[in-house]
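Listed in order, the protein sequences are those of chains A and B.
Read in numbering that gives the first Met the number 0, the first sequence has 236 at position 237, and its numbers run on one by one without any break.
Read in numbering that gives the first Met the number 0, the second sequence has 299 at position 300, and its numbers run on one by one without any break.
Beta carbons are placed, not taken as given, at the ideal position from N, Cα and C, and that holds for glycine.
What follows is a short report on a single structure.
2 protein chains.
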Amino acid sequence: MLKQCLSSATRLASRHISREQILNKLEHVLGSRNVISDPVDTAPFNVDWKGMHRTRSAGEENRNEQSIVVTPRGTEETVALMRLCHQYRIPVCSQGGNTGLVGGSVPMTSNELIVSFSKMNQIVWVDEESSVVSVQSGCILQHLDNTINSVGLCVPLDLAAKGLCQIGGNVATNAGGVRLFKYGSLRENVLGMEVVTADGSLLDLGKSVRKDNTGLSLKQLFIGSEGTLGLIMNVNILCPVKPTSRSVLLLELSSFANVVKALRLSRTSLGGHLSAFELIDKDALTVVVEHFGYKVPLDMKEQFYVLVEVSGNGDEIGATDRFMGDVLRGRLAVNGVAGSDESQCEHIWAIRENITQSLASTGANYKFDISLPLPKYYKLAEHIRSKWKDRVKHIVAYGHVADGNIHLNIVDHQMNPVNQREISSDIYKFAIQNNGSISAEHGIGREKVDYMSQIHSPPVLELMKSVKQTLDPLMLLNRGKVLNLL
Amino acid sequence: MLKQCLSSATRLASRHISREQILNKLEHVLGSRNVISDPVDTAPFNVDWKGMHRTRSAGEENRNEQSIVVTPRGTEETVALMRLCHQYRIPVCSQGGNTGLVGGSVPMTSNELIVSFSKMNQIVWVDEESSVVSVQSGCILQHLDNTINSVGLCVPLDLAAKGLCQIGGNVATNAGGVRLFKYGSLRENVLGMEVVTADGSLLDLGKSVRKDNTGLSLKQLFIGSEGTLGLIMNVNILCPVKPTSRSVLLLELSSFANVVKALRLSRTSLGGHLSAFELIDKDALTVVVEHFGYKVPLDMKEQFYVLVEVSGNGDEIGATDRFMGDVLRGRLAVNGVAGSDESQCEHIWAIRENITQSLASTGANYKFDISLPLPKYYKLAEHIRSKWKDRVKHIVAYGHVADGNIHLNIVDHQMNPVNQREISSDIYKFAIQNNGSISAEHGIGREKVDYMSQIHSPPVLELMKSVKQTLDPLMLLNRGKVLNLL
Chain A
0 MLKQCLSSAT RLASRHISRE QILNKLEHVL GSRNVISDPV DTAPFNVDWK
50 GMHRTRSAGE ENRNEQSIVV TPRGTEETVA LMRLCHQYRI PVCSQGGNTG
100 LVGGSVPMTS NELIVSFSKM NQIVWVDEES SVVSVQSGCI LQHLDNTINS
150 VGLCVPLDLA AKGLCQIGGN VATNAGGVRL FKYGSLRENV LGMEVVTADG
200 SLLDLGKSVR KDNTGLSLKQ LFIGSEGTLG LIMNVNILCP VKPTSRSVLL
250 LELSSFANVV KALRLSRTSL GGHLSAFELI DKDALTVVVE HFGYKVPLDM
300 KEQFYVLVEV SGNGDEIGAT DRFMGDVLRG RLAVNGVAGS DESQCEHIWA
350 IRENITQSLA STGANYKFDI SLPLPKYYKL AEHIRSKWKD RVKHIVAYGH
400 VADGNIHLNI VDHQMNPVNQ REISSDIYKF AIQNNGSISA EHGIGREKVD
450 YMSQIHSPPV LELMKSVKQT LDPLMLLNRG KVLNLL
Chain B
0 MLKQCLSSAT RLASRHISRE QILNKLEHVL GSRNVISDPV DTAPFNVDWK
50 GMHRTRSAGE ENRNEQSIVV TPRGTEETVA LMRLCHQYRI PVCSQGGNTG
100 LVGGSVPMTS NELIVSFSKM NQIVWVDEES SVVSVQSGCI LQHLDNTINS
150 VGLCVPLDLA AKGLCQIGGN VATNAGGVRL FKYGSLRENV LGMEVVTADG
200 SLLDLGKSVR KDNTGLSLKQ LFIGSEGTLG LIMNVNILCP VKPTSRSVLL
250 LELSSFANVV KALRLSRTSL GGHLSAFELI DKDALTVVVE HFGYKVPLDM
300 KEQFYVLVEV SGNGDEIGAT DRFMGDVLRG RLAVNGVAGS DESQCEHIWA
350 IRENITQSLA STGANYKFDI SLPLPKYYKL AEHIRSKWKD RVKHIVAYGH
400 VADGNIHLNI VDHQMNPVNQ REISSDIYKF AIQNNGSISA EHGIGREKVD
450 YMSQIHSPPV LELMKSVKQT LDPLMLLNRG KVLNLL
């Protein structure tokens, strides 16, 4: 049944309607100001943030053709838009802030329409008592956070792209980031949403309460589906009370076993105040220090550095001091520094946050986003170093160790697709063999589609395809992403 | 397509195979010790915990016929069992500890086979470093908690039925309870699972890492699906570090507005140490006090009482004292007591935990499990009181106010189905109109099936049915529960 429907979708694709006709129909539904077709204006939508993925022209005869971009202003317009796309079999690529790291938000070919959510950027309401906000999908994460900070709340999500990424894209990709450890993932904190499906139906999954056990939790299907099942409209998010103070420590440790012990001690003694526990290995730290000329008041003789953030309401300071004392007395860390004021805290965080930029300046980067059980976490870096250290420039490891998430980055002397492919294969093989994940937080997009058959068993893949088939039988949404069905 | 398949399922049901033949085939697959058919032995499996729901005989000629019970000992046997059931169209009702509150674990009719997980009760492994345990679905919650307590961890779930309920049932019903506020729901903490589907396929959704964005999160479909989509086998659960100390307060407040303000203050000043914030209204407190002869060292003049639990590692004591001082100085509470040692803490908790038992002793209980945004939370109780207070014995409200979850209980002079129906209708109408949930944590089971069309829009219900159809086209699993499709 699946195959039959796929071939009919392929057959029906775009239904022999010209680009000009499509433009006219789109302008009729959305108004001409919300339909962008000039190549100068559509260019930024047709290439991803890393500059690696571009929209390919759909036809040989027009090599520079790009996808049309539309900017609906709300749910009603999106419903009308999707009905039109469904009627004329126009494939759709939904795009939030276009900050994804796996090429998921750029069309494969120019016959896909880009639906940008940039004009759906309103905060609909804030329920301060329940700590819930309702927000349109195009709202920028930083804007939402700033707005609710003023009433003492914060978004349970924080990531490097916060100034550009949009809530809808965050939800569609189940984005992680540095606050996940403390506040949980979007799967916990997204209370409800509206979704427009491929045929223009509106699914009201719009609860704004934390607990709701009334049948299948369909919203969970859309969280992390990367736009392949529907277009996310309004989202209701549970937002924690914003801590009013924080302390940040940087510890120097001699073994990964001690990193794990220090993590356990921090969870025991800091409990709910612990808000980040980030690993930076010596190779990563060295690159940042050399690139930015940072002064790190530590000997930098050991292999492991851990940033510990403790946040609260002033009460956490005593506990943080005691933790630091315990870590040093127990010889889990050989040394440590504490940020004594906010600017020092920021300075310590800047080391962690500038790793990516520092690495980018030193050579060609192959970046990996792996989850592993902690007993295998750093063994991945050792395994890759044992094979590759003499053939590349740097192998650095850092990441959200408290979540089992390691960002392993390899810096090559220059971009070498053969090396990249071989290294990817080595890393993914290690992750799969050790019950880890080859994409902890970045998703599959188009970059990792080919690995899906290695990481999921045939019945699991079949079920994913069946769900896709149920929601999008004409395969209109985000073609070639996550599951390559065409 | 759905209708067509349903009628074929009905037509094919049980495929004209006799009970004797079924028994023989089951014994062949599972061994005779794992097939229970004697009515004395099967009786407890064929009635629910409340004694309200019983298996109906499938045939007129045999009014006392009960469902056969099987106890597979692992995944392999369950696969073989489901292949057999699929081949002969034998419908299946999966049963954990049979402690559910909506009749979900008892078959509708005796031609359904009861699959009990009681012999799949092993803790498979504990990864102390990653704080993850892998456990078979029949493991009893209390047993798991006790076992991992010894290595300093705890299960992120705690509920009254913990001595009887099983992990698989907890996951299948997305059980909530008192720790949800601090640690998040099972949707956050179940990292992976194995599922056997209606046709005997094995779905390996068995990751043991916290972050994994590799395609649709199929495990989320099974969490909270109440056994209608598949049988849950091994489950990997992220477990928090067990706090080593706690403080418990009981506050007396004069208005619900002050309850909300005190909640906000507790979240601000206690942050991650806050582990419970439970409301008990005066009507609920009075029933407990009268029933047990408890002494509550408060005036009991006000309408609202709040139990606040703060847990940590000793560090929370100072913060708790400060919170109590702030609450009283700010006149949010008119009075308050603090448990100064563990036995006093337990005494305060006993008030909260014994409400159900006290209510049961005073009359016929109509119990409700509602979620509401906080601005509407207590208005529900006021609304129902305004209409019903002269016609019933007690109307009491208590619950996990920090999660927006209110347990509204009406005690009638005697069981009166007309009252019960009308009160249900009033309460559910209020919840639906105010964007709440008519089942916060108990699920739909068979009790609330008829309300599904009131709480979900037609496209949402259609999608739930399509997912069910995809996974269980012959409608073999937990018939008549959640979605009544036959």
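Legend entry - Where B:T172 meets chain A, residues with beta-carbon distance less than 8 Å: N212, listed in chain order.
Legend entry - Contact with chain A by B:K300, beta-carbon distance below 8 Å: No, B:K300 does not count as interfacial toward chain A.
Legend entry - Buried or exposed by the 16-neighbour rule on C-beta atoms within 10 Å, applied to B:H412: It counts as exposed.
Legend entry - Neighbour list for A:M451 in chain B, Cβ cutoff strictly below 8 Å: Listed along the chain, the chain B residues whose CB falls inside 8 Å of the CB of A:M451 are T213, G214.
Legend entry - Residue-chain proximity (B:L140, chain A), Cβ-Cβ < 8 Å: No - not a single Cβ of chain A is within 8 Å of the one on B:L140.
Legend entry - Boundaries of the alpha helix (DSSP H) in which B:Q165 is found, first to last residue: Neither: B:Q165 is in no alpha helix (DSSP H) and is coded neither H nor E.
Inset, instruction - Pick helix, strand or coil for A:C344, following the three-state DSSP scheme. - result: Helix at A:C344.
Legend entry - Residue range of the beta strand (DSSP E) that includes A:K294: That residue, A:K294, is in no beta strand (DSSP E); it is neither H nor E in DSSP.
Inset, instruction - Measure the alpha-carbon distance for B:C238 versus B:Q141 and round it to whole angstroms. - result: Going by the C-alpha atoms only, they are around 14 Å apart.
Inset, instruction - Check each residue of the stretch 463-474 of chain B: if its Cβ is closer than 9 Å to any Cβ of chain A, include it; give the result in chain order. - result: Per Cβ criterion, the list reads M463, S465, V466, K467, Q468, T469, L470.
Legend entry - Reduced DSSP secondary structure (H/G/I, E/B, other) of B:S424: When DSSP states are grouped into helix, strand and coil, B:S424 belongs to the helix group.
Inset, instruction - At 9 Å on the CB atoms, spell out the chain B contacts of A:D144, in chain order. - result: Residues of chain B whose Cβ lies closer than 9 Å to the Cβ of A:D144 do not exist, since the nearest Cβ in that chain is about 17 Å away.
Inset, instruction - Could you tell me if B:W348 is buried or exposed, where buried requires 16 or more neighbouring beta carbons within 10 angstroms of its beta carbon? - result: Using a 10 angstroms sphere on the CB of B:W348, the tally of other CB atoms reaches 16 or more, which defines it as buried.
Inset, instruction - Let me know if A:T381 comes out buried or exposed under the rule of 16 or more other beta-carbons within 10 Å of its beta-carbon. - result: Reading off the sequence, residue 381 of chain A comes out as Glu, not Thr. Classification for A:E381: exposed.
Legend entry - Nearest-angstrom beta carbon gap, A:E193 and A:G205 [assumed within contact, 8 Å]: Right, their Cβ atoms sit about 6 Å apart.
Inset, instruction - For the stretch 367-400 of chain B, enumerate the residues whose C-beta is nearer than 8 Å to any C-beta of chain A, in chain order. - result: For the stretch 367-400 of chain B, the set of residues with a beta-carbon nearer than 8 Å to any beta-carbon of chain A comprises S370, L371, P372, L373, P374, H399, in chain order.
Legend entry - For A:V466, the first and last residue of its enclosing alpha helix (DSSP H): Segment 457-470, the alpha helix (DSSP H) holding A:V466.
Inset, instruction - Using beta-carbon positions only, say whether A:V134 and A:V123 come within less than 8 Å of one another. - result: For the pair A:V134 and A:V123, the CB atoms are nearer than the 8 Å cut-off.
Legend entry - Where the alpha helix (DSSP H) containing A:F322 begins and where it ends: Annotation for A:F322: the continuous alpha helix (DSSP H) segment containing it runs 315-328.
Inset, instruction - Kindly indicate which three-state DSSP category B:A283 falls into: helix, strand or coil? - result: B:A283: helix per DSSP, three-state reduction.
Legend entry - Proximal residues to B:I67 (C-beta, below 6 Å), its chain only, five neighbours per side dropped: Sequence-distant partners of B:I67 (beyond 5 residues in either direction) whose C-beta falls short of 6 Å from its own C-beta, in its chain, are S36, L112.
Legend entry - Cβ-Cβ separation, B:H52 to B:R445 (assumed contact under 8 Å), whole Å: Right, their Cβ atoms sit about 7 Å apart.
Legend entry - Neighbour flag for A:G199 against chain B, beta carbons, 8 Å: No - not a single Cβ of chain B is within 8 Å of the one on A:G199.
Inset, instruction - For chain D, find out if any of its Cβ atoms is closer than 8 Å to the Cβ of B:S268; answer yes or no. - result: The structure shown contains no chain D; its protein chains are A and B.
Inset, instruction - Taking only the alpha-carbon atoms, compute the straight-line gap between B:V114 and B:S56 and give it to the nearest angstrom. - result: Each residue's Cα considered, the two are about 18 Å apart.
Inset, instruction - Spell out the partners DSSP gives B:W124 in its beta bridges. - result: Bridge partners of B:W124: B:S133.
Inset, instruction - Put A:A8 into one of helix, strand or coil per three-state DSSP. - result: Model confidence at A:A8 stands at a pLDDT of 41, short of 50, so the residue's coordinates are unreliable; what they give is reported in the following sentence. The answer is helix: DSSP assigns A:A8 an H, G or I state.
Legend entry - Nearest candidate by alpha-carbon position, reference A:L249, set A:L269, A:N235, A:I236, A:F276: The shortest C-alpha separation from A:L249 is found at A:F276.
Inset, instruction - Figure out for me which residue from B:L264, B:H406, B:D280, B:T172 has the closest Cα to the Cα of B:S254. - result: Minimum Cα distance to B:S254 is reached at B:D280.
Legend entry - Under the three-state DSSP convention, the category A:V117 falls into: A small fix is needed here, since residue 117 of chain A is Ser in this sequence, not Val. In the three-state scheme derived from DSSP, where H, G and I count as helix and E and B as strand, A:S117 is classed as coil.
Inset, instruction - Determine the closest residue to A:H85 out of A:V46, A:G96, A:K24, A:P457, with distance taken between C-alpha atoms. - result: Shortest Cα-Cα distance from A:H85 to any of A:V46, A:G96, A:K24, A:P457 involves A:K24.
Legend entry - Contacts of A:F442 in chain B (Cβ-Cβ under 7 Å): Reading off the sequence, residue 442 of chain A comes out as Gly, not Phe. In chain order: N212.
Inset, instruction - Over the uninterrupted alpha helix (DSSP H) stretch that includes A:H15, give me the two end residues. - result: That residue, A:H15, is in no alpha helix (DSSP H); it is neither H nor E in DSSP.
Inset, instruction - Can you tell me which of the three DSSP states B:S93 falls into? - result: Here B:S93 sits in strand by DSSP.
Inset, instruction - Grab me the residues of A:L371's own chain with a C-beta within less than 7 Å of its C-beta, minus the 5 sequence neighbours each way, in chain order. - result: L379, G403, I405, A430, N433, G435.
Inset, instruction - Determine the extent of the alpha helix (DSSP H) in which B:F180 is found, giving its start and end residues. - result: Counting along the chain, the alpha helix (DSSP H) containing B:F180 begins and ends at 179-182.
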